[in-house]
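What follows is a single structure, written as structure tokens, with notes after it.
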Amino acid sequence: MELTIKRFEELTAAELYEIYRVRVAVFVVEQECAYQEVDDADRRCWHVFLHDDDGIAAYCRVIDAGVTFDETSIGRVLSLRRGRGLGTRIVEAGLDVARTRAKATVVHIEAQTHARGMYERLGFVQVSDEFLEDGIPHIGMMWHAGAVADRRG
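Numbering (UniProt numbering), first residue to last: 1 to 153.
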């Protein structure tokens with residue numbers, strides 16, 4: 001499994017097509033959620049994906065601070081091969097990109113509520129009440145670099 005990290009302008013047409021194909025398959029078709037999946041934030045983020053000869057297996061985007069939130073954020077997290085830990089791996093990769101490339105010490109996400117446990121294991125803390133985003137329950141969560149270091153001892 002290979003990890004690729006690219007800014008929008010670095011993506012090939014084939015990579016961008018595959019990213020949009022898998023995101024629409026999960027967030028629009030599978031979750032039966034009609035919304036504008038492709039948005040302007042795509043141009044202002046790092047696209048992070050795990051892939052092999054069969055294509056993208058997991059994906060997230062690390063969005064520059066000031067685009068969707070004041071802080072750097074991670075979004076569009078997906079794993080096509082569920083139950084293999086790829087969701088955790090892609091979020092860990094996204095956090096690494098946030099720390100090293102975006103120089104973030106805080107990351108803000110809006111997580112689907114069912115994934116709260118995974119995010120908490122990675123050091124995120126819930127910061128909002130549950131709310132509906134496109135008909136799906138979500139919660140706001142924050143990750144703080146110092147808090148993760150403190151938890152590790």
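Note that the Cβ used here is the ideal one computed from N, Cα and C, for glycine as well.
As the structure is a prediction and not an experimental result, all values here were calculated from the model.
Please list the segments of the beta strand (DSSP E) lying wholly inside the stretch 31-117, counting only runs of 3 or more residues, in order along the chain.
-> 45-52, 55-63, 72-79, 106-112
In angstroms with no decimal places, state the Cα-to-Cα distance between Arg7 and Tyr59.
-> 14 Å
Quick one: measure Cβ to Cβ for Glu110 and Gly140, integer angstroms, because I've assumed they're closer than 8 Å.
-> 6 Å
Can you grab the Cα-Cα spacing for the pair Val24 / Tyr35, in whole Å?
-> 10 Å
Under the three-state DSSP convention, the category Gly146 falls into = helix
For Gly135, which residues of its own chain have a beta-carbon under 8 Å away from its beta-carbon, when the five flanking residues on both sides are left out?
-> Cys33
Can the beta-carbon of Gly75 be found less than 8 Å from the beta-carbon of Arg61?
-> yes
Inter-residue CB distance, Val97 and Ile5 (contact presumed, cutoff 8 Å) | 6 Å
Straight-line CA distance for His47 to His138?
-> 22 Å
Which partner residues does Gly135 have in the DSSP bridge list?
-> None; Gly135 has no bridge partner.
Which partner residues of Met141 appear in the DSSP bridge assignment?
-> Ile109, Gln126
Can you give me the start and stop residues for the beta strand (DSSP E) that Glu15 sits inside?
-> Glu15 -> not in any beta strand (DSSP E); alpha helix (DSSP H) instead, spanning 13-23.
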